Structures are given as structure tokens and as C-alpha cells.
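Notes for the one structure printed next.
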Amino acid sequence: MPAKFHQFPCLKDNYGVLVHDPASGATASIDAPDADAVLDALATTGWTLTDILLTHHHADHIQGVAGLKARYPAVRVVAPAKEAQGIGGVDLGVAEHDTVSVGQLSAKVIETPGHTAGHIVYWFEAEDVLFAGDTLFALGCGRVFETPLDVMYESLMKLTHLPLETQVYAGHEYTLSNARFALTVDPDNAVLRERAMGIERMREAGTPTLPTTIEIELATNPFLRADNPAVKAAIGMADADPAAVFSELRERKNKA
Ligand code: ZN
Ligand code: FE
């Protein structure tokens with residue numbers, strides 16, 4: 703029986719996702735932005751929470767843990783080993799190349815330092831689904847708070863080596879703002895322009911723009927296109943190396 707994924711908006715612009723293994727009945731919450739919203743999603747789906755997979759230590763990703771543990775005392779909390787102490791209440795700390803099971807499903811842990819120094823993402827290889835947390839967004843990437851900018855660039859490059867058809871879920875609905883920024887640094891990209899128009903319509907209708915795919919992000923996300931001659935030329939950095947171009951893009955977006 704194939705895995706099931708249930709995405710729901712919560713807080714101001716976060717997404718929660720439940721991952722369900724019908725064979726075992728196991729269900730994981732990807733991050734825990736808001737206990738009540740996750741509990742509502744569990745009620746809607748009829749699933750029983752068994753695991754919480756945390757991507758990083760920020761409050762809008764972990765603050766629901768206590769409320770979920772209160773309702774499901776046996777739940778297992780998985781988090782980046784490097785951030786487990788700061789998060790508290792973690793049952794399993796994980797690092798690069800570790801595998802996390804959710805019933806009979808399994809996710810590979812990929813370390814993506816940048817947004818936070820210990821940030822991890824979870825790749826369900828058999829399903830080809832990635833939970834990117836606040837590392838990779840649709841048409842954007844997370845702000846770089848805890849490492850040099852080039853470390854974040856390396857983390858993003860790791861994700862581009864996943865299969866093109868990988869479905870990418872992310873922590874936030876920032877896509878409209880990201881699209882408007884992307885058009886300023888990659889204005890002649892026809893695929894981006896088309897996508898940006900679609901995103902305007904989707905957000906007007908209240909439709910989520912996630913999940914996305916690695917393929918569409920490679921074609922349109924400027925933070926993955928720091929080696930693209932058109933992007934480099936558009937920001938006046940035709941001869942710069944991609945990590946420097948990425949850093950300039952990230953700084954421009956911070957100010958946008
Ligand atoms: Zn964050
Ligand atoms: Fe966040």
C-alpha cells in the first residue's frame with residue numbers, strides 16, 4: 703500500500719505534513735508548528751501519531767511537540783543530533799546518512815546546514831518525497847542564520863542531486879514573494895514567468911503552491927541557478943563564481 707501524505711497550512715504561513723504508512727498504521731508529523739493544527743489534521747485523516755520528525759530548532763517547527771506528546775505519550779521525537787540538546791525531549795538524534803523509519807517507510811537524513819547549523823531534511827527515497835524544512839522553498843531558500851552563505855549554497859546543491867521528479871515539501875508558503883523576487887534576477891526566463899503567473903492565480907484562490915519538484919526548481923529557482931549565465935549577467939556578476947552569486951542573491955532577497 704502506498705504511503706499517504708497530508709499537507710495543511712498552519713500558523714501564519716507554515717505548512718504541516720502528515721506521512722502515513724497504511725501497512726503498519728504509523729504516522730509521522732513533519733515538524734510540529736502548532737499542536738492544535740496537527741491534532742486537527744490527525745482527526746481529519748483518522749490517523750494515530752507515532753513519530754515527529756523535526757528539521758531544525760526554530761520555534762515555529764518545534765513548539766507543537768509538547769502538546770502532541772501530551773495527547774500521544776508514546777510518540778517518538780526525531781531531531782537533528784546537533785540540535786537535540788537545544789530542542790529538548792528528543793528521543794532519537796540523527797545525522798547525515800542515518801535512516802529514520804516510519805512504520806515500514808524509511809527516510810534518509812541529509813544534513814543541510816545554513817538556515818540553522820544543524821538543519822536536516824528527510825528524503826523518503828522509495829516514495830521520492832523530500833521534506834526540506836526551511837532549506838529549500840518553492841522559488842526560494844531559507845534565510846541563512848547560522849553558517850556562512852557558501853555553506854547554505856553547498857546544502858542546496860546537495861538537494862539538486864536528488865531525482866528530478868522528487869516531490870519537495872517545505873516549511874512555508876513564501877512562494878508569491880519568492881516569485882516576485884525571482885523575476886527581478888531572472889527576468890528573461892520564460893518558464894519562470896509562466897510559473898509566476900500560475901502562482902499569482904493559485905494564491906488568489908488560496909491554493910497551496912507546494913509540493914514542488916527538483917526539476918521545476920532547477921528551471922526557475924534563482925538560488926539554484928547561481929551558475930546560470932543569464933542570472934549572473936542580470937545581477938552584474940557574469941564572471942563571479944556560483945557561491946558568490948548565491949550570496950549576492952540571498953542578500954538582495956533579504957532586503958527585498
Ligand atoms: Zn526556521
Ligand atoms: Fe520556519
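According to the working numbering, the residues represented by the sequence shown are 703 to 958, in order.
Each residue gets a CB set at the ideal place from its N, CA and C atoms; glycine is no exception.
Source: prediction; values computed, not measured.
Item                                                                                                                                               : Value
Kindly indicate the opening and closing residues of the beta strand (DSSP E) around K706.                                                          : K706 to C712
Measuring alpha carbon to alpha carbon, tell me which of A781, H799 and V802 ends up nearest D793.                                                 : A781
Restricting to runs no shorter than 4 residues, where is the alpha helix (DSSP H) found entirely within the segment 738 to 781?                    : 761 to 764 and 767 to 773
Is G873 a contact residue of ligand 2, with contact defined as CB to any heavy atom under 7 Å?                                                     : yes
Heavy atom of ligand 1 less than 7 Å from the Cβ of D836, yes or no?                                                                               : yes
Quick test of your reading: P924 and A884, contact by CB under 8 Å. State the CB separation rounded to the nearest angstrom.                       : 5 Å
State the DSSP-derived secondary structure class of L857, mapped to helix, strand or coil.                                                         : The sequence shown places Ser at residue 857, rather than the Leu named in the question. Of the three classes helix, strand and coil, the one that applies to S857 here is helix, per DSSP.
Taking G900 as part of the alpha helix (DSSP H), name the residues at either end of that continuous run.                                           : A892 to E906
Taking D890 as the reference, give the member of R903, L770 and A932 with the closest Cα.                                                          : A932
May I ask you to verify whether the segment 897 to 914 touches the segment 871 to 881, counting CB pairs closer than 8 Å and requiring at least 3? : yes
Roughly how many angstroms separate the alpha carbons of F710 and A743, rounded to a whole number?                                                 : 7 Å
Could you tell me whether the segment 803 to 810 touches the segment 760 to 777, where touching means 3 or more Cβ pairs closer than 8 Å?          : no
Just tell me which of L713, K714, A828 and E785 has its CA closest to the CA of D723.                                                              : A828
Starting from T801, trace the beta strand (DSSP E) in both directions and tell me its first and last residue.                                      : T801 to V804
At which residues does the beta strand (DSSP E) containing S731 begin and terminate?                                                               : T729 to I732
With distance defined between alpha-carbon atoms, name the residue in T849, F707, F839 and A797 nearest to T862.                                   : F839
So is L756 buried or exposed if we call it buried at 16+ other beta carbons inside 10 Å?                                                           : buried
May I have the straight-line CA-CA distance separating G873 from P735, to the nearest angstrom?                                                    : 9 Å
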